[in-house]
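Residue numbers (our numbering): 9 to 230.
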């Protein structure tokens, strides 16, 4: 979901440039991987790099087709108009987490990272009851905007245009986390050479320097 808005912009730009229509269905990363593993027919899969590697290892994505196309940092947000905690370094972030009455983060790579960070800090058990788990398809920013979570962590791209919140910035440099998103060609279309070529053309476009400005507008880079 972190790349949903960006992919909408990129597929539009690709259509304008080439006349080719690309249809993207954005769902949670776990669900996307399950659907690919279940044998659904897709031309390509776009997920975090480690998830693409697992699909390559399981034979669902073609060997050698992985294409890293964008990097996305994790950011922090609070409800609009509320106090902005200090997040200037790791110690300040830890203090803000401990002081927060409730917090929320996604179930994707950023959430896994944060859970490990909280464990390293030795506070995982202490804050466990304060964590608000977003329902599938519900952005963390939405929970923050409604006041259901005082502190929210999610990909900057998912927070950047959410109404009702103040984005405080990305995680401090000493604990920053950036997800690399990759794409791969589905194994199921291997024998359709013209379709594979069409996918390769689109993936090259995604990683090309000429779309860097589009990525930056969505809070990402490469």
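C-beta: ideal position from N, C-alpha, C; glycine also.
Of the other Cβ atoms in all chains shown, 16 or more fall within 10 Å of the Cβ of residue 53; this residue is therefore buried.
The continuous alpha helix (DSSP H) containing residue 221 extends over residues 220–225. Comparing alpha-carbon positions, the option among 227, 88, 9 and 228 lying closest to residue 114 turns out to be 9. Fully enclosed beta strand (DSSP E) runs of no fewer than 3 residues occupy 52–56 and 75–87 of the region 13–90, in order along the chain. Taking C-beta atoms as the reference points, residue 156 and residue 140 count as a pair closer than 8 Å. Judged by DSSP secondary structure, residue 191 falls within the beta strand (DSSP E) whose first and last residues are 186–193. Within 10 angstroms of the beta-carbon of residue 190 lie 16 or more other beta-carbons, which makes it buried. Taking the Cα positions, residue 62 is about 14 Å away from residue 117. If you ignore the 5 residues before and after residue 154, its C-beta comes within less than 6 Å of no other C-beta in its own chain.
Counting along the chain, the unbroken beta strand (DSSP E) around residue 160 starts and ends at 159–163.
The beta-bridge partner set that DSSP reports for residue 94 is empty. Look at residue 106 here: in three-state DSSP terms it is helix. Around the C-beta of residue 199, fewer than 16 other C-beta atoms lie within 10 Å, and the residue is accordingly described as exposed.
Nearest to residue 164 by C-alpha distance, out of 83, 182, 134 and 222, is 83.
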